[in-house]
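**Q** Mind looking over this structure? Questions follow.
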Amino acid sequence: NSYSFDSKSESRTVKYFPGTPIINSVQFITLTNTVTNPVYLDKIVSANGYIKFNSLSLREDLLNSYKIDNIQLINKNTAVVRKINFNHSYFVSPGCTLPECKRLKLDGISQEASQITQQLYQFQYNQNVVLPSRMSPQIDHWGYFNQNGETILNTGSVTNRAPNFPGTKANILQKIIYPTGGSVSFDFELNDFDAGGTNSLTGGLRISRITENFKYGTPVARDYIYRKGNSAASSGTSYANPKYTSEGVVI
Numbered sequence: 001n002s003y004s005f006d007s008k009s010e011s012r013t014v015k016y017f018p019g020t021p022i023i024n025s026v027q028f029i030t031l032t033n034t035v036t037n038p039v040y041l042d043k044i045v046s047a048n049g050y051i052k053f054n055s056l057s058l059r060e061d062l063l064n065s066y067k068i069d070n071i072q073l074i075n076k077n078t079a080v081v082r083k084i085n086f087n088h089s090y091f092v093s094p095g096c097t098l099p100e101c102k103r104l105k106l107d108g109i110s111q112e113a114s115q116i117t118q119q120l121y122q123f124q125y126n127q128n129v130v131l132p133s134r135m136s137p138q139i140d141h142w143g144y145f146n147q148n149g150e151t152i153l154n155t156g157s158v159t160n161r162a163p164n165f166p167g168t169k170a171n172i173l174q175k176i177i178y179p180t181g182g183s184v185s186f187d188f189e190l191n192d193f194d195a196g197g198t199n200s201l202t203g204g205l206r207i208s209r210i211t212e213n214f215k216y217g218t219p220v221a222r223d224y225i226y227r228k229g230n231s232a233a234s235s236g237t238s239y240a241n242p243k244y245t246s247e248g249v250v251i
């Protein structure tokens with residue numbers, strides 16, 4: 001087998017928070033990176049043909065970057081045997097159309113073979129709460145959206161940096177629909193840890209239940225419990241609390 005790559009010349013502009021945020025303010029630094037001949041996987045070649053990766057469309061959330069639109073299975077006679085399409089759209093933050101307000105979303109995967117198009121998988125996401133711009137200061141200690149209402153990035157105690165369950169699960173994958181008509185659903189909960197006998201919430205999500213829904217028959221659910229043995233104590237462990245610096249001073 002062998003591999004080949006497609007090179008594209010592109011320039012990207014990236015916004016990000018500085019490594020040491022200023023107390024009670026937010027400072028955006030804009031960098032322009034010029035990427036010379038970035039490498040995208042183009043094909044994988046074997047004795048019986050090759051797999052072709054087609055990155056045809058520019059992304060709207062990452063400037064001058066490409067997404068994979070489809071993958072083709074091509075035989076040694078150069079005939080397309082099968083084509084797998086990736087159907088995309090975007091999560092869009094309210095009231096904003098800038099790249100940092102968009103996030104690429106995979107809506108489904110379809111297949112074309114023998115002149116027949118078949119929907120393989122569909123993906124559904126939690127959109128009860130929509131993520132803000134990636135530049136938003138509404139984040140907990142671990143960087144997850146927490147709906148704290150902040151408009152500037154504070155690092156002091158005046159800022160609510162606690163985890164928020166509705167914010168953390170914004171736009172999370174909730175359901176996969178199979179081509180058979182069945183589906184699998186995911187329920188989540190916040191991580192927690194044992195803080196000296198008290199279970200305390202912390203950043204990020206974990207699976208609490210997976211439910212298999214069959215086209216015919218009774219759904220089957222599996223619950224996931226994160227406890228020490230048969231006790232009520234969380235099996236999670238806390239590391240050092242987050243610390244913040246401003247101009248080299250630890251707060």
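The numbering of the sequence shown is my numbering, which starts it at 1 and goes up by one.
C-beta: ideal position from N, C-alpha, C; glycine also.
1. Please name the residue, chosen from G181, P132 and N64, that lies closest to L120 on a Cα-to-Cα basis.
2. Considering T168, what are the terminal residues of the beta strand (DSSP E) in which it resides?
3. If you measure between the beta carbons of I210 and F193, is that distance less than 8 Å?
4. Kindly list the residues whose CB is nearer than 8 Å to the CB of L98, restricted to its own chain and excluding five residues on each side of it in sequence; keep chain order.
5. Can you give the Cα-Cα distance for A232 and I225, rounded to whole angstroms?
6. Where I207 and F86 are concerned, what is the direct C-alpha to C-alpha distance, given to the nearest angstrom?
7. Secondary structure at E150, three-state DSSP: helix, strand or coil?
8. Under a three-way DSSP split, which group does E60 fall into?
9. Which residues mark the beginning and the end of the beta strand (DSSP E) in which G204 is found?
10. For the segment 159-169 against the segment 212-225, do three or more pairs of beta-carbon atoms, one drawn from each stretch, fall closer than 8 Å, so that the two count as touching?
11. Taking buried to mean at least 16 other C-beta atoms within 10 Å of its own C-beta, is S57 buried or exposed?
12. In whole angstroms, what separates the C-alpha of D107 from that of G196?
13. Report all residues from its chain with a CB closer than 6 Å to the CB of Q122; omit the five preceding and five following residues, and keep chain order.
14. Ignore the nearest five residues each way along the sequence and tell me which others in D69's own chain have a CB closer than 6 Å to its CB.
**A** According to the structure shown:
1. G181
2. Careful: T168 lies outside any beta strand (DSSP E), inside the alpha helix (DSSP H) at F165 to T168.
3. no
4. S133
5. 10 Å
6. 26 Å
7. coil
8. coil
9. T198 to N213
10. no
11. exposed
12. 43 Å
13. G108 and I177
14. N54, L56 and S57
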